Amino acid sequence: MAFQALAIIGAPAAFAAPTCVWSGGVWNISLDGDLDEAWIERDTADTMTPEVWDDSAAAAVACTGQIGGSSTVSATTAVNITAGDGAQWVGIDLSDDLSNTRSWGTINWTINLGSGTEDVLDFADNSDAASGDLDIALGANGIDLNNDADLDVTVSGTEVFEAFLGGGDDTVSGAGSTATGGAFTGDLDEEATVAFGTEGGVFGGDGDDTLVGGSGQDDLFGEGDDDVIGGGLGDDILDGDGEDVDGDTVDYSGSASAVTVNLLSGLASGQGVDSLAGFENVIGSPQGDTLTGDAGDNVITPGAGDDKVDGGAAADTVDYSDSAAAVTVDLDAGTATGNGNDTLTSIESVWGSDFADTLTGDADDNGLFGGSGNDLIAGGGNADDGGDGDDLEGEGGIDTVDYGAYDGPVTLALNCGGVAGTGDAGEDVDVIDTMENAILTADDDAFFGNGFANTVWPNGGQNSLEGDGAGGGICVGTPAAAGGDVLDYSVGYETGVSVNMAGGATAGDSAVGFENAKGTEFADSFTGNEASNTLKGAKGQDNIRGGSGDDTLGGAGGNDVIRGGSGDDDLKGGAGNDYLNGGGGDDFCKSGKGKDKVVKCEAGH
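Using the numbering used here, the letters of the sequence shown map in sequence onto residues 3 to 607.
Okay, structure coming up:
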């Protein structure tokens, strides 16, 4: 690597020449002249050899010996660098990871650059090993290169710390440093309160880097790829992109104070006054923050406080995936609860938590994505709004898409790959992915299951209903639908329904591929089919008859008549005076709280 000339003028006239001595696995390097330079890097032969330059003589100083190659790298291997009163530059390129067979992270480094001014310690240009991952933590009295319990570099007399990272996914943290003149001697100028240096900084290079400042003024530059940068205390200069546009994030999650972050103005306050550039995303603090996006597509992650979130222009997302509790998000109302009480403005998409969330959109085109919990997701808006529709994704858990407040009709296909959805005359077509259940509109809808155990609430109307993936197609890799598909008439009806699982005609609907049903609060009639049905009444006086399968049949509050079929059935009465008739097969009947009559139950009651 070519050396960088130090931009320092006016060196004293008389300085001793630098020396480089190798003995017993230890290098002792002395930089006694002004503008001396030492550069230590690993080469392609997996060895490490220093190069030392005497700037005043413009000549290289010979260094014998090497670390690596045929030598063993151990805890006794050391590099000791000392300097006098002049300004020196020390560059270290460790490239690659520090945990390979050479155990480079076990080398003992001691760097004392003396009492001169403008000394530079430079972790420079690791781009020769683009895949290497480097982990640097700046502690109170040194540098931990591989993020273990031990400091790998003990330093003093360094005014400027610079790190130019390569193509790996690197981490540099100054959170352990202190900003009182020389207390952290690895990067502090006696006249400045800094964490990474008054003239230096950290340059991430390619790779997904994590850069965290200390308690002073930091200059952190993410450069290529998707970086996460947190300035820490102090008035910092934070730049995510360099010349590239990537998904870079400014991170205030470690702040003990509320922050105000505005990506459009490029300013952040509350943890010092930071200058921001090149960021697309924001992570807030655990306090009550004000977080504002810019004209691009932003992802804003509020903390646990009561936050004000404004996405600005374009398509913006609020992210609750790290929330410690379920969230209720309503984009139409502009509110979010469960992770604090947040107000939302100009937000188009939501990422839910890993708990049972309720996510509701607005009249715009939304993306609503649940986590691993059992979520209830409603796109919002209606067919009159036009547009491209919503993206609704359940992720893990047993999730429900809710069109109950929608002006239908809709055609709803619960496909897996996000290729089918809902629509009205070709408008507002929603993309629905990994959902299990659906609440339909009060109009005449069409529903197609996806091979999971789907539950559909017809919600009135004369609907065309197909379970078992009959119309939407079975999802690839879908496990067997345990328990089968359910028609749930418990909402949206003011009279009882007649449900015939065998004939495909149920409550005015056309239904095929369903095994189970749940009734209304009124007097219902259920008839099973050849499958193993679960048919449950509610508070009305219900008439329930099983089919040829092994059925589970139950009443609730009314005086119900429950008859088994030819299979081995399980009958259960409710609170009323019920009639239980097991029919054929080996049946089990259980009386309820009323005066029940039980016949033909061979297994007892």
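Beta carbons: idealized from backbone N, C-alpha and C, even for Gly.
For clarity, every value in this text was computed on a predicted model and none was experimentally measured.
Among residues of its own chain, excluding the 5 on either side of residue i, which ones have a beta-carbon nearer than 6 Å to its beta-carbon?
i, result
"serine 257", "Gln273 and Ser287"
"aspartate 490", "Thr457, Trp459 and Lys520"
"glycine 498", "Thr522, Phe524, Ala525, Asp526 and Gly542"
"serine 325", "Asn341 and Ser355"
"asparagine 264", "Thr294"
"glycine 556", "Lys538 and Lys574"
"alanine 533", "Glu517 and Gly551"
"aspartate 299", "Ala316 and Ala317"
"asparagine 545", "Ser527 and Val563"
"threonine 536", "Asn518 and Thr554"
"valine 28", "Ala80"
"asparagine 376", "Ala358, Gly399 and Ile400"
So for residue i, helix, strand or coil by DSSP?
i, result
"aspartate 253", "strand"
"leucine 346", "strand"
"serine 355", "coil"
"glutamate 438", "coil"
"asparagine 456", "coil"
"lysine 599", "strand"
"tyrosine 322", "coil"
"methionine 50", "strand"
"tyrosine 405", "coil"
"glutamate 604", "coil"
"asparagine 461", "coil"
"serine 281", "Position check: residue 281 holds phenylalanine in this sequence, whereas serine was assumed. Residue state, collapsed to three classes: coil."
"glycine 498", "coil"
"valine 331", "strand"
"alanine 415", "strand"
"asparagine 368", "coil"
"asparagine 110", "strand"
"threonine 66", "coil"
"aspartate 511", "strand"
"isoleucine 400", "coil"
"glutamate 523", "coil"
"glutamine 219", "strand"
"alanine 483", "Caution is warranted here: a pLDDT of 49 is assigned to alanine 483, below 50, making its placement in the model unreliable, and no coordinate value can be reported."
"valine 301", "strand"
"serine 259", "coil"
Taking all protein chains shown into account, decide if residue i is buried (16 or more other Cβ within 10 angstroms of its Cβ) or exposed.
i, result
"valine 412", "buried"
"leucine 269", "exposed"
"asparagine 561", "buried"
"alanine 297", "exposed"
"valine 600", "buried"
"threonine 66", "exposed"
"aspartate 56", "buried"
"alanine 64", "exposed"
"aspartate 572", "buried"
"cysteine 504", "In the sequence on display, residue 504 carries alanine and not cysteine. With fewer than 16 other Cβ atoms within 10 Å, it is exposed."
"glutamate 604", "exposed"
"glycine 26", "exposed"
"glycine 587", "buried"
"valine 214", "buried"
"glutamate 496", "exposed"
"serine 32", "buried"
"valine 352", "buried"
"alanine 85", "buried"
Can you round the beta-carbon distance between residue i and residue j to whole angstroms, since I take them to be within the 8 Å contact cut?
i, j, result
"aspartate 447", "asparagine 465", "5 Å"
"alanine 407", "alanine 380", "7 Å"
"aspartate 401", "glutamate 438", "6 Å"
"aspartate 220", "glycine 236", "6 Å"
"alanine 558", "glycine 539", "5 Å"
"phenylalanine 449", "alanine 440", "6 Å"
"isoleucine 285", "threonine 251", "6 Å"
"aspartate 598", "asparagine 579", "6 Å"
"threonine 549", "glycine 530", "Looking at the sequence shown, residue 549 is not threonine but glycine. Yes, glycine 549 and glycine 530 are in contact; Cβ-Cβ is about 3 Å, under 8 Å."
"glycine 290", "alanine 260", "5 Å"
"valine 54", "alanine 40", "5 Å"
"glutamate 468", "valine 514", "6 Å"
Who are the near neighbours of residue i in its chain, counting only those whose CB is closer than 7 Å to its CB and skipping five residues on each side?
i, result
"leucine 346", "Val311, Val320, Leu333, Gly336, Thr337 and Ala338"
"aspartate 253", "Val230, Ile231, Gly232 and Ile285"
"asparagine 30", "Val23 and Asn82"
"serine 374", "Asp356, Glu397, Gly398 and Gly399"
Can you list, in chain order, the residues of its chain with a C-beta nearer than 8 Å to that of residue i? Leave out the 5 residues immediately preceding and following it.
i, result
"leucine 266", "Thr294, Gly295, Asp296, Ala297 and Gly314"
"threonine 585", "Just to set this straight, residue 585 is glycine in the shown sequence, not threonine. The answer, listed in chain order, is Gly548, Arg565, Gly566, Gly567, Ser568, Asp571 and Lys602."
"serine 593", "Gly575, Asp580, Leu582, Val600 and His607"
Is residue i close to the ligand GDP? I mean its beta-carbon at under 7 Å from any heavy atom of the ligand.
i, result
"alanine 64", "Questions concerning the ligand GDP fall outside what the structure shown contains, since it holds no ligand whatsoever."
Tell me, please, whether the region 338-345 touches the region 365-379 by the rule of three or more beta-carbon pairs shorter than 8 Å.
no
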